[in-house]
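Number of protein chains: 2
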Amino acid sequence: MSFPSLNTLRTFEAAARHLSFNRAADELCISPSAVSHQIRQLEHTLGIRLFLRSERRVSLTQKGEFYFKNVQQGIQILVQATNSLTTPMREHTIRISAVPFFATRWLMRRLDTFQAHYPGWELAIQTSTQKSEFDREDLDLVIRRGAGDWPGMIAHLLLRESLVPVCAPAMARTIDTIVALKGATLLHNSQVPSEWSEWFGKIGHTFSAPTAKLEFQNSSQILEACIAGVGIALMDRQLIFQEMAEGRIQSVVDQQVDGMRNYYLVYPKSHTTRKSVQIFLEWISNELEQMDR
Amino acid sequence: MSFPSLNTLRTFEAAARHLSFNRAADELCISPSAVSHQIRQLEHTLGIRLFLRSERRVSLTQKGEFYFKNVQQGIQILVQATNSLTTPMREHTIRISAVPFFATRWLMRRLDTFQAHYPGWELAIQTSTQKSEFDREDLDLVIRRGAGDWPGMIAHLLLRESLVPVCAPAMARTIDTIVALKGATLLHNSQVPSEWSEWFGKIGHTFSAPTAKLEFQNSSQILEACIAGVGIALMDRQLIFQEMAEGRIQSVVDQQVDGMRNYYLVYPKSHTTRKSVQIFLEWISNELEQMDR
DNA sequence: CAGATAGATGAGTGTTTACTCAACTATAGT
DNA sequence: ACTATAGTTGAGTAAACACTCATCTATCTG
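Listed in order, the protein sequences are those of chains A and B. Per this note's numbering, the very first residue in the first sequence carries number 6; after that it's consecutive. Per this note's numbering, the very first residue in the second sequence carries number 6; after that it's consecutive.
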């Protein structure tokens with residue numbers, strides 16, 4: 006019985022998450038051709054199409070969506086369990102889980118200063134869209150997006166969100182009023198279906214659920230679709246400033262809502278005495294101070 | 006970064022489930038040597054010991070236990086999702102999930118008559134120790150062990166359990182009374198911790214929790230430990246008659262309790278109209294009638 | 001003691017995996 | 001028209017995988 010390899014499944018998961026073979030290749034440090042080959046091989050093994058190819062981008066088929074959800078979950082369990090066993094001595098490792106978008110765009114860009122200040126310590130960062138379980142995954146800390154009110158947990162604010170609607174430049178020319186914005190194709194995050202409604206509410210407008218709904222499972226997918234001109238995304242402008250600077254997307258209607266949700270550093274109260282937690286708190290406090298200047 | 010292959014992880018899971026490289030080799034249709042090599046390679050990759058080797062059997066280390074739980078779960082998700090996509094046309098496939106011990110020892114031994122009577126239909130059987138989810142796993146039916154009272158479900162009795170204490174012949178010589186039985190090393194199923202207490206209660210004896218407790222995660226592991234002379238197992242004698250006939254284990258104290266828990270064929274009420282469910286019910290009814298004669 | 005059982009180890013080998021490279025196709029933007 | 005972008009495809013290749021076979025060690029049982 007022929008079963009896909011774990012490596013192939015990881016490639017599929019990355020491509021599905023990014024909805025881009027190119028981005029997946031970047032993340033996995035392989036060529037786009039390798040991604041293409043593996044996806045094709047996987048589709049041949051399964052005997053179905055996982056991706057629809059159109060113009061210069063890909064989208065998931067329904068079966069692809071189903072498989073992506075399950076493969077992501079299964080792989081996560083395996084990778085996390087394996088990492089739990091292979092990470093070096095507990096005493097000098099800080100184990101963190103964070104949502105992928107925030108991890109790649111905020112946290113990992115600041116690792117240099119951590120390494121410089123704490124050469125004897127190692128950060129083990131894993132990304133996850135699932136709600137993390139401290140015990141089973143042997144984590145010290147978690148970075149979460151939310152309101153900051155997790156029972157039994159201590160939460161430190163890391164980044165206050167600034168949500169702005171953004172879209173591709175060609176589309177931006179026609180979105181100059183709130184009315185036009187409401188009538189456009191809005192890209193939704195399936196994990197927070199009410200986010201657009203809340204945002205409109207905050208700026209004093211009512212908004213009812215659209216009849217045609219485009220939902221994506223994570224911010225990376227939303228951003229890709231946005232850049233591709235599919236619709237308008239609601240994103241934290243602090244995490245997309247590079248794409249903005251490159252002119253690949255731009256904000257519309259000049260409205261911004263702060264603090265609807267934020268990114269917090271979270272850990273159980275019982276972890277307060279851990280050296281790993283104290284070290285990370287010390288470092289991140291300094292980082293946040295530097296940022297405030 | 007070197008990550009274990011899915012094939013390796015599946016070999017590890019089978020060896021851990023059976024607590025026997027030989028049995029795992031049988032199940033996977035490879036040589037015991039291949040199992041040994043793969044486990045050693047995996048231990049080298051992870052840099053830890055997963056199994057303790059003693060005499061002629063193996064046991065899991067604590068880390069091995071942790072990894073087994075997670076690997077089993079992760080693999081199950083991947084395998085089930087993949088099987089969901091690769092199974093042929095829905096119309097002529099019956100998708101069943103069953104606990105592994107019952108599946109291998111009762112259900113799969115009767116497949117010949119099914120194939121003979123329904124040549125146009127295919128049985129897709131998957132084994133799982135987790136509670137199955139009909140929608141996510143696209144199942145028609147499930148075979149469960151329990152009391153038969155699952156809300157929203159229709160349950161047909163398949164096999165009434167007959168629990169007897171069994172052990173290796175050498176140990177059996179010293180277990181001739183209930184008192185001796187109580188004082189012996191009893192092997193527990195971690196999924197039903199109270200099973201021994203219930204059993205003793207049913208035969209009119211009180212039994213308090215032992216101070217030294219040997220727990221295993223599934224019946225296969227319990228049987229292996231029992232055959233190896235580790236302790237006394239409480240098993241359904243209908244599912245172990247082969248080992249009994251071979252003299253590898255024998256029952257003790259001549260007590261049997263029926264119907265504490267049983268095996269049921271279970272499906273949601275909404276599945277009643279499925280042709281697949283009707284076909285399977287028809288076949289299993291005939292099988293049960295044949296057995297009653 | 002002989003035979004059976006179970007896991008371990010080294011060597012060998014064929015197959016599969018996992019890429020890269022080069023060239024191509026189909027857009028989109030200037 | 002030219003350039004950039006993104007995915008596709010065929011061919012090639014090195015490494016890894018996944019075994020088998022033969023032999024060994026350490027018990028257990030009759």
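Note that the Cβ used here is the ideal one computed from N, Cα and C, for glycine as well. Please read all numbers here as calculations on a predicted model, not as lab measurements.
- Residue 105(A) carries a helical assignment under DSSP once its states are collapsed to helix, strand and coil.
- Within the segment 109-122 of chain B, no residue has its Cβ closer than 9 Å to any Cβ of chain A.
- The way I'd put it, the segment 237-247 of chain B does touch the segment 184-200 of chain B; three or more beta-carbon pairs between them come closer than 8 Å.
- At least one CB atom of chain B sits nearer than 8 Å to the CB of residue 78(A).
- Here residue 91(B) carries a helix assignment [DSSP, helix/strand/coil].
- Bridge pairing for residue 161(B): 270(B) [DSSP].
- Apart from the 5 residues on each side of it in sequence, residue 21(A) sits with its Cβ closer than 7 Å to the Cβ of 65, 69, 73 in its chain, given in chain order.
- Residue environment: residue 267(B) is assigned as buried (16 or more neighbouring CB atoms within 10 Å of its CB, all protein chains considered).
- The C-beta distance from residue 131(B) to residue 75(B) rounds to 19 Å, too long to fall under 8 Å, and the pair is not in contact.
- In summary, no residue of the segment 135-154 of chain A has a CB separated from any CB of chain B by less than 7 Å.
- Residue 28(A): member of the alpha helix (DSSP H) spanning 26-33, first to last residue.
- By the 16-neighbour rule on beta-carbons within 10 angstroms, residue 208(B) is exposed.
- In the same chain as residue 230(A), and ignoring 5 residues on each side of it, the C-beta atoms closer than 6 Å to its own belong to 192, in chain order.
- Rounded to the nearest whole angstrom, the CA to CA distance from residue 24(A) to residue 62(A) is 7 Å.
- Taking a cut-off of 8 Å on C-beta distances, the segment 120-127 of chain B does not touch the segment 164-172 of chain B, as fewer than three cross pairs fall below it.
- At a cut-off of 8 Å, the C-beta of residue 238(B) has no neighbouring C-beta in chain A.
- Between residue 87(B) and chain A, the shortest Cβ-Cβ separation is below 8 Å.
- Three or more Cβ pairs closer than 8 Å define a contact, and the segment 174-181 of chain B meets that threshold against the segment 246-260 of chain B.
- Residues 16, 19 of the same chain have their beta carbon placed closer than 7 Å to that of residue 33(A), with the five preceding and five following residues left out of the count.
- Between residue 190(A) and residue 163(A), the CB-CB gap reaches or exceeds 8 Å.
- With its beta carbon less than 8 Å from one in chain A, residue 91(B) belongs to the interface.
- In the structure shown, residue 151(A) falls within a strand segment according to DSSP collapsed to helix, strand and coil.
- Contact check for residue 277(B) against residue 223(B) fails: the beta carbons are separated by 8 Å or more.
- The DSSP-derived three-state label of residue 138(A) is coil.
- The residue among 151(A), 285(A), 211(A), 261(A) with its C-alpha nearest the C-alpha of residue 97(A) is 285(A).
- For residue 127(A), no alpha helix (DSSP H) encloses it; the enclosing beta strand (DSSP E) starts and ends at 127-132.
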